[in-house]
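What follows is a set of notes on a single structure, which appears directly below.
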Amino acid sequence: MRLLQLAFAVALASGLAALIIYITGVTYLNDLSDEDLEALSTLQSGFQKCVASNGLGLKAINGKDYCEVTIQFPADTIPKWKDPKTGEVEGLSYSFNLCEAVATWEQVRNSTTILTREFIDALPHGWEEYAWQRINKGVLLNRCKNKTLCVEKLSLVLPETPPYVPRQFSRCAVIGNSGDLLKTKFGNEIDEYDVVVRENGAPIQNYTDFVGKKSTFRLLNRGSAKALDKVSELYETGKEVLLVKTTIHDIMNKMIREIPILNPVYLMLGASFGSAAKGTGLKALEFALSICDTVDMYGFTVDPGYKEWTRYFSESRKGHTPLHGRAYYQMMECLGLIKIHSPMRADPKRIVKWLPSRSTVVAARKASEKLLRRVGAGSDNPLAACSITKKQIKRKPESMSGLRKAAVEHQKFIKGVTLYPLEHNPGHGQLCTVP
Ligand SMILES: *[C@@H]1O[C@H](CO)[C@@H](O)[C@H](O)[C@H]1NC(C)=O
Ligand SMILES: *[C@@H]1O[C@H](CO)[C@@H](O)[C@H](O)[C@H]1NC(C)=O
Ligand SMILES: *[C@@H]1O[C@H](CO)[C@@H](O)[C@H](O)[C@H]1NC(C)=O
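Spelled out as structure tokens, the structure:
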């Protein structure tokens, strides 16, 4: 009888354990080696020190597992932004998934973030299921049943093959539109970057002391893209490359043809991140990370104590989640993705302390991929993440000549493959085109 009771207790306990494992997902940890777990805890502990020493009062604390981290603002921070739906004032602490971030952003660094014809052609049912979504009122095109018509609509913004490769540029700066740019004269410093990425209708003229004169790329949301004629005048030399985040619009096509707009115009092809990562600013960082060695950011309202929410060229506006975003950018800095420049972090020689080493990032990335069950998890082979593989359209020979050494070396490493992010793809598998 005793024995039976014991057996029953054991059975119950193991059933419970199984249930707990099932609910919490702890079982995934079984896939990880000791090195994997160590990589993740090294990343976590370094991350907390990094936020403590660079975050101007922000504090990162361990969440419930190896991945979760909570970033807290100082208790005396006055939250200003209200959720328009619930009317609630934003909180002072935000949770992030470091594993998700490190795996996704490391993938972005090796991917192409510009939409090409090669991509749509290689995507199974790319024309019927994807292309029309990048055309304003594309639904009316009946899922591109008439492909000629869709090709026509997209042709002005659709290069055959990627116009840029990863690491094509060395030092890049992404300039946001925050009013705090007027507090520091960053102009000369900004002009020294190889590439400068700007956003929407941000003017340069009359603000050069603060925002610099140089401009290479400009990322446009829907509203700015419709005013393409105005936007293309913002940089007098007219050679800015314009990247549209949303869809091509008949108005845009007409302007490109008739005005004409001489700037190259492309559509951006982006990976999907969580809700903290939707705005134009983050897309601009994503683009920069996909073509540059290093990315520095200016004008993003990131200092915890900064209370206004304005653009440097206009009055205040609503609709952002400043604290959530600020915490996210601090996370990006402490993962070694970007460097923040702000009124309170204005010294160009500022060193970001406690950055993870390259080997920590690589090890943590692999461990995270396993934990998240990503396609090709934990592999050294960059092609492991390809869930769709197609033969490449021949590249123009001149597109590879004159590339800097780092870009050529990277091309060798990835065997000349182009990796495209696939939206809504489980496990973040990519579309790869191979030579
Ligand atoms: C990206 O490419 C670099 C080499 O340039 C490589 O070290 C790194 O592991 C790659 N990352 C991913 C996620 O494949
Ligand atoms: C498809 O669109 C093209 C370009 O607008 C047009 O010339 C052609 O007649 C259309 N074809 C059909 C079958 O509707
Ligand atoms: C720059 O300032 C001048 C003079 O105030 C003004 O006419 C011009 O429109 C301004 N340019 C921009 C881009 O704001």
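Those letters in the sequence shown? Residues 0 to 434, per numbering that gives the first Met the number 0, in order. For every residue, glycine included, the Cβ atom is placed at its ideal position computed from N, Cα and C. Since the structure is predicted, the reported quantities are computational estimates derived from the model, not experimental observations.
First and last residue of the uninterrupted beta strand (DSSP E) at residue i
{"i": "T432", "result": "429 to 433"}
{"i": "P303", "result": "Per DSSP, P303 belongs to no beta strand (DSSP E) and is neither H nor E."}
{"i": "S169", "result": "168 to 174"}
{"i": "S296", "result": "Rather than Ser, the amino acid found at residue 296 in this sequence is Met. Segment 291 to 297, the beta strand (DSSP E) holding M296."}
{"i": "I258", "result": "Looking at the DSSP string, I258 is not in any beta strand (DSSP E), and its letter there is neither H nor E."}
Bridge partners - residue i, DSSP secondary structure assignment
{"i": "F216", "result": "V196, V240"}
{"i": "T69", "result": "I60, S94"}
{"i": "C385", "result": "Q429"}
{"i": "V88", "result": "K81"}
{"i": "K390", "result": "V433"}
{"i": "I247", "result": "I134"}
{"i": "R108", "result": "According to DSSP, which records beta bridges pairwise, R108 is partnered with nothing at all."}
{"i": "R344", "result": "S341"}
{"i": "S436", "result": "Since the displayed the chain opens at 0 and closes at 434, residue 436 lies outside it and no answer follows."}
{"i": "I113", "result": "M267"}
Spatial neighbours of residue i in its chain, beta-carbon cut-off 6 Å, leaving aside the 5 residues before and after
{"i": "G175", "result": "G280, G298, F299"}
{"i": "A362", "result": "A38"}
{"i": "R221", "result": "T245"}
{"i": "G125", "result": "I119"}
{"i": "L3", "result": "Here L3 scores only 49 on pLDDT, less than 50, and its place in the model is too uncertain to base an answer on."}
{"i": "P434", "result": "Q391, G415"}
{"i": "N424", "result": "none"}
{"i": "S398", "result": "none"}
{"i": "Y93", "result": "I70, H323, A326"}
Own chain partners of residue i with C-beta closer than 7 Å, once the 5 adjacent residues on each side are dropped
{"i": "T23", "result": "Legend: pLDDT at T23 = 46, less than 50; position of this residue unreliable, value from coordinates given subsequently. No residues qualify anywhere along the chain."}
{"i": "T76", "result": "L91, P303"}
{"i": "T215", "result": "V194, V195, V196, E239, V240"}
{"i": "I392", "result": "E117, E159, T160"}
{"i": "H248", "result": "N135, A224, K225"}
{"i": "D30", "result": "K369"}
Short Cβ contact (9 Å threshold) for residue i with residue j
{"i": "P263", "j": "V240", "result": "yes"}
{"i": "K79", "j": "E87", "result": "no"}
{"i": "T432", "j": "L268", "result": "no"}
{"i": "L336", "j": "V294", "result": "yes"}
{"i": "L242", "j": "L266", "result": "yes"}
{"i": "C143", "j": "C333", "result": "no"}
{"i": "Q71", "j": "A406", "result": "no"}
{"i": "Y305", "j": "P342", "result": "yes"}
{"i": "R357", "j": "G426", "result": "no"}
{"i": "F95", "j": "Y327", "result": "yes"}
{"i": "V438", "j": "L284", "result": "Since the first residue shown for the chain is 0 and the last is 434, residue 438 is missing from the structure and cannot be characterised."}
{"i": "E127", "j": "L322", "result": "no"}
{"i": "L148", "j": "L155", "result": "no"}
{"i": "M330", "j": "V107", "result": "no"}
{"i": "L57", "j": "R344", "result": "no"}
{"i": "L122", "j": "L430", "result": "yes"}
Where the alpha helix (DSSP H) through residue i begins and ends
{"i": "P420", "result": "Not the alpha helix (DSSP H): P420 falls in the beta strand (DSSP E), residues 417 to 420."}
{"i": "T207", "result": "207 to 210"}
{"i": "H340", "result": "Where H340 is concerned, there is no enclosing alpha helix (DSSP H), although the beta strand (DSSP E) it sits in stretches over 337 to 340."}
{"i": "I119", "result": "116 to 121"}
{"i": "L462", "result": "An answer regarding residue 462 cannot be provided, because it is not within the stretch 0 to 434 covered by the chain."}
{"i": "G324", "result": "321 to 333"}
{"i": "T147", "result": "146 to 153"}
{"i": "K395", "result": "It is not in any alpha helix (DSSP H) - K395 carries neither H nor E in the DSSP assignment."}
{"i": "C49", "result": "33 to 53"}
{"i": "R403", "result": "Neither: R403 is in no alpha helix (DSSP H) and is coded neither H nor E."}
{"i": "N187", "result": "186 to 190"}
{"i": "R373", "result": "Run containing R373: none; DSSP gives neither H nor E here."}
{"i": "V230", "result": "227 to 230"}
{"i": "G280", "result": "279 to 288"}
Same chain, Cβ closer than 8 Å to residue i, five either side skipped, listed in chain order
{"i": "C98", "result": "L39, Y65, C66, A363, A366, S367, L370, L371"}
{"i": "K213", "result": "I189, D190, Y192, V195"}
{"i": "P347", "result": "E188, H340"}
{"i": "N199", "result": "N176, R217, L218, L219, N220, G222, S223, V230, T279"}
{"i": "K282", "result": "L218, K244, M267, G269"}
{"i": "G318", "result": "For G318, the predicted model reports a pLDDT of 49, less than 50, meaning its position is unreliable; a value from the coordinates is still stated below. If we look at G318 and ignore the five residues flanking it on each side, its Cβ neighbours are P83."}
{"i": "T85", "result": "none"}
Closer than 9 Å to chain B by CB, residue i
{"i": "T85", "result": "Protein chains in the displayed structure number just one, and chain B is not present."}
Across the segment 276 to 291 and the segment 52 to 62, are there enough close Cβ pairs to call them in contact, namely three or more that are closer than 8 Å?
no
Checklist entry - Touching or not, the segment 168 to 185 and the segment 201 to 209, by the rule of three or more beta carbon pairs under 8 Å? => result yes
Inter-stretch contact at 8 Å, needing at least 3 Cβ pairs: the segment 381 to 399 / the segment 416 to 424: yes
Exercise for review: Specify which residues have a beta carbon nearer than 5 Å to any heavy atom of ligand 5, listing them in chain order.
Suggested key: Judged by which ligands are present, ligand 5 is missing from the structure shown, whose ligands are ligand 1, ligand 2 and ligand 3.
Tell me, please, whether the segment 155 to 168 touches the segment 85 to 103 by the rule of three or more beta-carbon pairs shorter than 8 Å.
no
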